[in-house]
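Taken in order, the sequence shown gives residues -13 to 97; the numbers are from our numbering.
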Amino acid sequence: MENPFETIDQRLKRIEQKLETLLSKLDSVDGNENLPKLMTIEQLSEYCHYSKPTIYGYVHQRKIPHCKVGNRLFFEKQQINDWILSKKVLTVDDIEKKADEYLARKGRIRF
-13 MENPFETIDQ
-3 RLKRIEQKLE
7 TLLSKLDSVD
17 GNENLPKLMT
27 IEQLSEYCHY
37 SKPTIYGYVH
47 QRKIPHCKVG
57 NRLFFEKQQI
67 NDWILSKKVL
77 TVDDIEKKAD
87 EYLARKGRIR
97 F
């Protein structure tokens, strides 16, 4: 009778090998990690769930980071992430902390 732990160990090894193969394939698809991840307006619309007219409006008003080559618009994924995160709404605790820091710099004590 075969040891069930050996069977489990063999299966786990096969799973690990398949995972390593999949990860190596994903790395080769991404290509050079130093290159920016560029998105078209359609991809950006899917990524951030804005309608295309809204994105065009932001581009026209220069409110969203973008590149324009001829008539085509491109958006760098990291810049979009940074832009979205820059719109973060502060919590009450964040505002109080900033107020305390400001008052401490000014030499005033807040109660």
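Beta carbons: idealized from backbone N, C-alpha and C, even for Gly.
Could you please give the first and the last residue of the uninterrupted beta strand (DSSP E) stretch that includes residue i?
| i | result |
| --- | --- |
| R91 | Unbroken run through R91 is the alpha helix (DSSP H), 78 to 91; no beta strand (DSSP E). |
| E62 | 58 to 62 |
Let me know the secondary structure DSSP gives residue i once reduced to three states.
| i | result |
| --- | --- |
| R48 | coil |
| K23 | coil |
| K74 | coil |
When we look at the beta-carbon of residue i and count the other beta-carbons within 10 Å, is it buried (16 or more) or exposed?
| i | result |
| --- | --- |
| L30 | buried |
| F(-9) | exposed |
| H52 | buried |
Which residue wins for smallest C-alpha separation from residue i, given the options the options?
| i | options | result |
| --- | --- | --- |
| I50 | I70, L9, Y33, P(-10) | I70 |
| N57 | T26, Y44, L8 | T26 |
| L24 | L9, K38, H35, I66 | I66 |
| E62 | Q(-4), I81, Y33 | Y33 |
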